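The opening position of the sequence shown corresponds to residue 418 in the numbering used here, with each subsequent residue numbered one higher.
The beta-carbon is built from N, C-alpha and C at its ideal position, and this holds for glycine as well.
Being a predicted model, the structure only gives us computed values, none of them experimental.
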Amino acid sequence: MAGALSEVSPATIVGLSTALSFVLLRAFVYFRMEYIIASMLGRHVPRGGAKVVELDIREGRNMYYYPSDTVQVVAVSSNPNRTLLENQAIKAGVPIQIKLSGASTLGLPANTMDAVVSVKAFCNIPDAEVKNTLREAIKVLQPGKPFIFVEPVGAKNPVVRAAQNGIQAIYNFTRSKRVVTRDLLQYIQEMDGLEEVEYEEIFGFFDPQLVGVAKKKPTDKVNLEKASQESPSVKRGFKKSKA
418 MAGALSEVSP ATIVGLSTAL SFVLLRAFVY FRMEYIIASM LGRHVPRGGA KVVELDIREG
478 RNMYYYPSDT VQVVAVSSNP NRTLLENQAI KAGVPIQIKL SGASTLGLPA NTMDAVVSVK
538 AFCNIPDAEV KNTLREAIKV LQPGKPFIFV EPVGAKNPVV RAAQNGIQAI YNFTRSKRVV
598 TRDLLQYIQE MDGLEEVEYE EIFGFFDPQL VGVAKKKPTD KVNLEKASQE SPSVKRGFKK
658 SKA
């Protein structure tokens with residue numbers, strides 16, 4: 418055994434060690450993200466019978482993280498695996514309504530949902546549809562209710578960003594819709610209907626993620642802001658002259 422190991426070249430040992438380190442780091446990030454997602458949903462989805470929309474739900478494993486008294490999860494997907502989602506819902510004990518739709522065209526009544534959840538949904542949405550998707554999320558939320566997001570974003574670290582740019586070039590070449598370089602926070606902060614945006618950017622050294630929550634503005638506040646923008650006003654920095 419010792420003789421066999423002595424025949425292994427240093428380059429091979431370094432390569433194996435690097436590969437093992439990458440696998441372990443990837444596993445750590447994965448399980449840490451699952452914990453964070455569970456924590457975000459458990460903490461921010463309202464208790465007492467919430468109706469929730471989850472954008473681009475995919476295989477539906479997040480249903481295990483919703484509060485036990487959630488009355489319905491509207492599972493939005495343009496290509497749902499109905500059998501898988503229904504089985505996941507039964508195991509999780511959460512009623513589900515599968516909505517065959519894109520995230521930017523929900524077709525749900527306004528002001529009816531207690532939470533909108535986006536977990537790795539926006540990375541599969543083209544740039545042209547990001548604003549419409551956020552507007553749809555705001556529309557269906559009841560005033561004061563949360564928009565919860567856990568999304569991969571573009572890195573601030575130049576080395577990581579260079580790697581992301583390379584990956585994005587491959588996605589673009591293969592005509593994949595996936596986007597890994599987007600500054601989603603800017604889109605969220607510029608939405609008129611959201612307030613109290615709280616967020617944290619994590620794993621910037623490896624797999625940057627934007628984790629946060631925002632609330633839909635009360636209707637009267639939105640109307641007041643629109644009225645103030647539309648009504649004529651004295652420019653800042655100038656005073657009315659006295660007659």
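LEU558 is positioned such that its CB atom lies no closer than 8 Å to that of MET608.
Here DSSP, grouped into helix, strand and coil, assigns ILE454 to helix. If you draw a straight line from the Cα of LEU458 to the Cα of THR429, it is about 44 Å long.
A direct Cα-Cα distance of roughly 36 Å separates GLU553 from LEU442. The Cβ-Cβ distance between VAL493 and ILE474 falls below 8 Å. Under DSSP, the beta-bridge partners assigned to SER494 are LEU517. Bridge partners of VAL470 according to DSSP: VAL491 and VAL533.
For VAL628, same chain residues with a beta-carbon under 7 Å away, outside a window of 5 residues either side, are ILE453, MET457, VAL567, TYR616, GLU617 and ILE619 in chain order. Taking VAL570 as reference, the option from LYS594, ASN498, GLN626 and PRO463 with the minimal CA-CA separation is GLN626.
Per DSSP, the beta bridge partners of LYS633 are LEU611. If you draw a straight line from the Cα of VAL577 to the Cα of TYR604, it is about 22 Å long. If you draw a straight line from the Cα of GLY510 to the Cα of LEU517, it comes to about 21 Å.
When the five nearest sequence neighbours on each side are left out, no beta carbon in the same chain lies closer than 6 Å to the beta carbon of ASP544. ILE565: not part of any alpha helix (DSSP H); member of the beta strand (DSSP E) spanning 563-569, first to last residue. Where PHE622 is concerned, there is no enclosing alpha helix (DSSP H), because DSSP gives it neither an H nor an E.
For TYR616, DSSP records a beta bridge to GLY629.
Separation of the CB atoms of LEU437 and VAL534 is rounded to 35 Å, and the pair is thereby denied contact status at 8 Å.
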